[in-house]
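*Asks:* One structure is given below, represented as structure tokens, and several questions about it will come after.
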Amino acid sequence: MSEQPMTYARYLGLDALLAAQTPQSDRHDELLFIVIHQTKELWLKEIIHEVKLAKALVAAGDLEPAYKALARVSRIQTIMTLSWDVLATMTPADYLSFRGSLGTSSGFQSHQFRELEYLLGLKDESFLRFHTERPAVLADLKAALEAPSLYDLAIRHLPTHGLALPPRCWSATSPSPTNPRKPWRTPGSRSIATPSATGSSTSSPRSWWTWTTPCSPGGTSMC
Ligand code: HEM
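Residue numbering for the sequence shown follows the working numbering, starting at 3 and increasing by one per position.
Rendered as structure tokens:
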């Protein structure tokens, strides 16, 4: 039997993709709510694909092509941020007209959002509890949790560029003689663990922007 020619629909799996929007209510706006989540999850899939490539390249010291992958990620993030404009056309009343049919589902349960956090270095293992029923997803998340993050791999290169960081700047998954397995954020809490001068974490919430202040050797940043 001759192979069927490749078509646009077959190549993109459109039958499965376009059958994947199943509103739980008869409210007109629910389709937008589903489509915007699904498109963001598709973009998250692409971002994870690029970040994994960037990690492998950074680990191999091949930094230039890693920049290309990360530049693509930043463009995708721009698109994802812009797409809130579309969601903003749905009023709170529109949303509340079908909110009940979402049940207990929540963005907290997005396994790709979590995997991306882990790949970048924000590791809160308490979110694994949402994925115990999906062994393949759980395995991916555990692998990302255990592996050095993009942050870990990047700061390993700093010394070769004359920018050695003090060990206290090493994260939980970057092997460091002085700081084994100390998470930045206490699992289960959304507040940021604050390593004090003694290195012990006090988990006092701090402004998120202080968390992104880069470590400056000898500087007054958080590390
Ligand atoms: C009307 C629109 C939306 C509302 C009212 C909403 C509401 C919320 C709320 C209340 C939370 C906190 C967790 C919870 O209490 O369940 C949350 C978290 C989250 N939402 Fe949404 N959301 C909306 C749209 C979206 C969209 C379009 C996405 C795209 C994928 C998204 C992804 C997430 C993710 C990943 C989290 C977890 C964030 C984290 O852990 O830091 N949400 N959302």
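Heads up, the beta-carbon is just placed ideally off N, CA and C, and yes, glycines get one too.
As the structure is a computational prediction, the values presented were derived from the model and not from experiment.
1) Taking DSSP as the reference, what is the three-state secondary structure of T24?
2) Would you identify the three-state DSSP class for H133, choosing helix, strand or coil?
3) With a 10 Å radius around its C-beta and 16 neighbouring C-beta atoms as the bar for buried, classify Y153 as buried or exposed.
4) Excluding the five sequence neighbours on either side, which residues of its own chain have a C-beta within less than 8 angstroms of the C-beta of V88, listed in chain order?
5) Under the assumption that S151 contacts L122 (Cβ atoms under 8 angstroms), give the Cβ distance between them as a whole number of angstroms.
6) Where does S206 land, buried or exposed, given buried means 16+ other C-beta within 10 angstroms?
7) Would you mind stating whether L147 and Y120 have Cβ atoms separated by less than 7 angstroms?
8) Where does K42 fall in DSSP's three states?
9) What are the boundary residues of the alpha helix (DSSP H) that S76 is part of?
10) For F100, verify whether its CB is less than 6 angstroms away from any heavy atom of the ligand HEM.
11) Below 7 angstroms CB to CB, which residues in the same chain sit around S27 once its five sequence neighbours on both sides are set aside?
12) Give me the Cβ distance between L140 and T134, rounded to the nearest whole Å; I'm assuming they're in contact under 8 angstroms.
13) Enumerate in chain order the residues of its own chain whose CB-to-CB distance from I36 is below 8 angstroms, with the five nearest sequence positions on each side excluded.
14) With DSSP collapsed to three states, give me the class of K125.
15) Hey, which residues come within less than 5 angstroms of the ligand HEM, measuring from Cβ to any heavy atom, in chain order?
16) Applying the 10 Å Cβ sphere with the 16-neighbour rule, what's the burial state of L44?
17) What number of angstroms, rounded off, separates the C-alpha of P94 from the C-alpha of R29?
18) Which same chain residues, not among the five before or five after P7, have their C-beta less than 8 angstroms away from its C-beta?
*Replies:* From the atom records:
1) Here DSSP, grouped into helix, strand and coil, assigns T24 to coil.
2) helix
3) buried
4) L34, I38
5) Between L122 and S151 the Cβ distance is about 6 angstroms, and since that is below 8 angstroms, they are a contact.
6) Unreliable placement is indicated for S206, whose pLDDT of 44 sits below 50; the coordinate value is still reported in the next sentence. S206 comes out exposed.
7) yes
8) helix
9) 65–84
10) no
11) F100, S103
12) 6 angstroms
13) Close CB contacts of I36 within its chain, under the 8 angstroms cut and outside five residues either way in sequence, are with Q23, T24, P25 (chain order).
14) coil
15) I38, H39, K42, Y97, S108, G109, F110, S112, F115
16) exposed
17) The straight-line gap from Cα to Cα measures roughly 13 angstroms.
18) none
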